[in-house]
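*Asks:* Going by numbering that gives the first Met the number 0, the residue at position 115 of the sequence shown is 114; the numbering climbs one at a time, nothing skipped.
I'd like to ask some things about the structure below.
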Amino acid sequence: MQDNDKTTTPEQPDTFEVVEAEHRTGARHKGVYLLPNLFTTGALFAGFYAIVAAMNGLFEHAAIGIIVAGILDGLDGGVARLTNTQSKFGAEYDSLSDCVAFGVAPGLVAYSWGLSELGKFGWMAAFIYVACAALRLARFNVQAESTDKRFFIGLPSPTGAGLVATLVWLGASRGMDGNDISWLVALVVAGAGLLMVSSVKYHSFKELHIGRVPFKVLLGVIVAFAIVFLDPPLVLLTVAIVYVTVGLLMSLWRLRKGS
């Protein structure tokens, strides 16, 4: 799960996306690129669904909704680049969708599942996450053109959302009441939020390109999918924890090497 930078290319129109078409009447009509924005809308809907599901106590469904939003978010930027339909409108729409799917939704889902009985401390932890997610997205939009594309500065918001969602998914799938581990949930939620606005570098994997690959790579992907389907919440939570931990350890190593 990663942030996308759908920047406008020189060849594309720079209006409300904005593509202007002149019909026989001579009138000019404005529109948006449909395909990539459909994926963005799907991610937005998945985030909205997660909130509604959590309100109805369907925490597994809510967590899966956030995971689906992450998958769709990872696709919209790639589709835009492949079809040469990148745009300023798409970038702004994607950012707003991310704020709902990876900011508001995980915070509310975590609060409903395991933070409500902490009172003010519970909603404070949830709000820290939501506010940090919004700040993370705003900072990414500002710095996207000037940072090293190989790394994200701070934990990517889809990964932070995935960490929170898979924790809820794992607990709910085991019949666990999140309020029994409320302080752990608060630590994970607030910690994920603070990591999003930290200066810790996380690998973006953007240098990897989908194309012709050796057969063993395809076999590895198949094996990876099989492992995930053995126990999706446990495996995905483990992957998220490893990703977060590796980023922290690498940052500590760089600090020690610099000193």
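A virtual CB, placed ideally from N, CA and C, is assigned to each residue, including glycine.
Identify every residue that forms a DSSP beta bridge with K200.
*Replies:* Looking at the DSSP assignment, K200 forms a beta bridge with I152.
*Asks:* Give the range of the alpha helix (DSSP H) segment to which F228 is assigned.
*Replies:* Looking at the DSSP string, the run of the alpha helix (DSSP H) that includes F228 is F214 to L229.
*Asks:* According to DSSP, simplified to helix, strand and coil, what is Y32?
*Replies:* Here Y32 sits in coil by DSSP.
*Asks:* Does DSSP put L57 in a helix, in a strand, or in coil?
*Replies:* L57: coil per DSSP, three-state reduction.
*Asks:* Just tell me which of A185, G73 and F150 has its CA closest to the CA of F120.
*Replies:* Selected option, being the one with the closest Cα: A185.
*Asks:* If we call anything under 8 Å between Cβ atoms a contact, is A125 one with G46?
*Replies:* Going by C-beta atoms, A125 is not nearer than 8 Å to G46.
*Asks:* Assess, as a yes-or-no matter, whether the segment 96 to 110 is touched by the segment 32 to 48 under the definition of 3 or more beta carbon pairs within less than 8 Å.
*Replies:* Short answer: they touch.
*Asks:* In its own chain, which residues sit with a C-beta less than 6 Å from the C-beta of F58, not counting the 5 before and 5 after it?
*Replies:* Counting only Cβ-Cβ distances below 6 Å, and skipping sequence neighbours, we find W112, V167 and A171.
*Asks:* What separation, rounded to the nearest whole angstrom, lies between the Cα atoms of K200 and I70?
*Replies:* Cα to Cα, K200 sits roughly 22 Å from I70.
*Asks:* Between I195 and L154, how many whole angstroms is the CB-CB distance? I'm expecting something under 8 Å.
*Replies:* In the sequence as displayed, the identity of residue 195 is Met instead of Ile. M195 to L154, Cβ: 5 Å. Contact.
*Asks:* Exposed or buried, what is P232 when buried is set at 16 or more other beta-carbons lying within 10 Å of its beta-carbon?
*Replies:* Classification for P232: buried.
*Asks:* Provide the residue span of the alpha helix (DSSP H) that contains V108, from first to last.
*Replies:* It spans A104 to A109 - the alpha helix (DSSP H) in which V108 sits, taken as one unbroken run.
*Asks:* Can you tell me whether L34 is buried or exposed, with buried defined as 16 or more other CB within 10 angstroms of its CB?
*Replies:* L34 is exposed by the Cβ-count criterion.
*Asks:* Look at the alpha carbon of S115 and the alpha carbon of W182, and state the distance between them as a whole number of angstroms.
*Replies:* The straight-line gap from Cα to Cα measures roughly 11 Å.
*Asks:* Tell me the residue span of the alpha helix (DSSP H) that contains G121.
*Replies:* That run of the alpha helix (DSSP H) goes K119 to Q142.
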